[in-house]
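Novice: Numbering (the numbering used here), first residue to last: 15 to 308. A virtual CB, placed ideally from N, CA and C, is assigned to each residue, including glycine. These numbers were taken from a predicted model, which means no experiment stands behind them.
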């Protein structure tokens, strides 16, 4: 519960700060950011609701007020489980959307990740059915499969976005001048990649451990499972919030793209700007950082 309270506090800060910046920004800078604000608050409310319900039942179960098996089939407990699944869907969907924008010129690259994401939705529904139908047996394999698939979606999309951003950084490092006169700090590209990787790694690691121990054989495994369960679902909410926070504060890949465009247009390379803005030759990489990234 202490971890949950910390995560709720972090999310509340991110949501509030992002909302304040959004409201104080000029209208042109708000373009495309409202959906991220809505998603951010949605994740926060879902997580807070889920953790409140979970804390309520943990107290009742530990106190002996409600038996464990009866609590699992309670409508309120099912609602708490649904919020957890919904957060996962929203977070993975947001990441997939960001990848769609960055890879909009080569959408076939995203097909495996899209199919895996659709599989997480189907498996997520299947693993909820035993609770809804009050089946005491259930099938723990569905939950493990759901988490493994979600981890696969998160890891694969993070890798795709990171690769594209690093390639963009490499491209701009060739066509833009280096040194103090440059108006684009290429280190910011690595910063965006770092935040993606840093948010994906703990989520993936905790998810794999939790899924592996979903059906514990002894008390020690149960303790480890419970610990990583809390960590996994906390990171499930924090990972997309970190991405949204960068977008709402203007530090996403879109901001880098605009800075790069300004740098290209403001420099003279002995030729027309159009020939260098996207200096395209056969086989040369041309970064696709669309303005819709905002």
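Do you know whose CA, among 117, 45, 53, lies nearest residue 29's CA?
Specialist: As a first step, residue 29 must be located in the chain shown, where it is residue number 15. Selected option, being the one with the closest Cα: 53.
Novice: Take residue 17 as the anchor and find which of 248, 253, 35, 188 has the nearest alpha-carbon.
Specialist: Within the chain shown, numbered from 1, the residue matching residue 17 stands at position 3. Out of 248, 253, 35, 188, 248 has the C-alpha closest to the C-alpha of residue 17.
Novice: On the criterion of 16 or more Cβ atoms from any shown chain inside 10 Å, does residue 122 qualify as buried, or is it exposed?
Specialist: Locating residue 122 in the chain shown gives position 108, where the first residue counts as 1. With fewer than 16 other Cβ atoms within 10 Å, it is exposed.
Novice: Is the region 217–235 touching the region 165–181 in the sense that three or more CB pairs, one from each, lie closer than 8 angstroms?
Specialist: Counting Cβ pairs under 8 angstroms, three or more are found: they touch.
Novice: If distances are taken between C-alpha atoms only, which option among 140, 110, 119, 118 comes closest to residue 127?
Specialist: In the chain shown, residue 127 corresponds to position 113, counting from 1. For the residues 140, 110, 119, 118, the minimum Cα distance to residue 127 belongs to 110.
Novice: For residue 3, does the count of other Cβ atoms within 10 angstroms reach 16, so buried, or fall short, so exposed?
Specialist: Residue 3 cannot be examined here, being either before or after the span of the chain that is shown, 15 to 308.
Novice: What residues in its chain sit with their C-beta under 8 angstroms from that of residue 133, if we drop five residues either side in the sequence?
Specialist: On the chain shown, position 119 is the one that residue 133 refers to. Result list for residue 133: 163, in chain order.
Novice: At which residues does the alpha helix (DSSP H) containing residue 107 begin and terminate?
Specialist: Here residue 107 refers to the residue found at position 93 of the chain shown. Looking at the DSSP string, the run of the alpha helix (DSSP H) that includes residue 107 is 89–116.
Novice: Between the region 224–241 and the region 22–39, do three or more beta carbon pairs fall short of 8 angstroms?
Specialist: With the cut-off at 8 angstroms, the region 224–241 and the region 22–39 do not touch.
Novice: CB-CB under 7 angstroms to residue 175, same chain, minus the five flanking residues each way: which ones, in chain order?
Specialist: Position 161 of the chain shown, counted from the first residue, corresponds to residue 175. So the qualifying residues of the chain are 112, 113, 116, 210.
Novice: Can you give me the start and stop residues for the alpha helix (DSSP H) that residue 121 sits inside?
Specialist: By one-based count along the chain shown, residue 121 stands at place 107. Element bounds for residue 121: n/a, residue is neither H nor E.
Novice: Please state whether DSSP places residue 227 in a helix, a strand or coil.
Specialist: As a working mapping, residue 227 is identified with position 213 in the chain shown. DSSP places residue 227 in coil when its eight states are reduced to three.
Novice: CA-CA distance, residue 51 and residue 231?
Specialist: The residue labelled residue 51 in the question sits at position 37 within the chain shown. The residue labelled residue 231 in the question sits at position 217 within the chain shown. Residue 51 and residue 231: Cα-Cα distance of roughly 43 angstroms.
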